[in-house]
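Just so it is clear: in the sequence shown, position 38 is 65 by the working numbering, and no numbers are missing. This report refers to the structure that appears directly beneath it.
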Amino acid sequence: MGKLISCDGDWTATASGWDCTGAVTQIVYSAPVEYTPAMITEALFYGFSVTLPLLAVAWGGRQIIKMVR
């Protein structure tokens, strides 16, 4: 988890660090780390839907080049 500190005023540098002239809010955020079966299925489907047509085009191009020779 990460934390983001937001200030709706101005930040000023002081000897002890930074001060905010407005209100300070802290936002906690996290990145998704748990992969569900639905996410894995979707990733595989997307991979096949992109890779297989590219392989088919490459294979078809190879066959056409063989026929032309």
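Beta carbons are placed, not taken as given, at the ideal position from N, Cα and C, and that holds for glycine.
**Asked** Does the separation of the CB atoms of Ala50 and Asp35 fall below 8 Å?
**Response** The count along the sequence shown starts at 1 and reaches residue 50 at position 23. The count along the sequence shown starts at 1 and reaches residue 35 at position 8. A contact, by the Cβ cut-off of 8 Å.
**Prompt:** Leaving out five residues before and five after Thr23 in sequence, what residues of the same chain have Cβ atoms less than 7 Å from its Cβ?
**Reply:** Shown here, the chain extends from 28 to 96; a query on residue 23 therefore has no answer.
**Message:** Helix, strand or coil for Ser43? Go by DSSP, reduced to three states.
**Reply:** As a working note, residue 43 is residue 16 in the sequence shown. Here Ser43 sits in coil by DSSP.
**Prompt:** Taking the continuous alpha helix (DSSP H) assigned at Tyr62, which residues delimit it?
**Reply:** Looking up residue 62 in the sequence shown gives position 35. Where Tyr62 is concerned, there is no enclosing alpha helix (DSSP H), given that its DSSP letter is neither H nor E.
**Rounded C-alpha distance that separates Tyr56 from Met66** = By one-based count along the sequence shown, residue 56 stands at place 29. By one-based count along the sequence shown, residue 66 stands at place 39. Cα to Cα, the separation comes out at about 21 Å.
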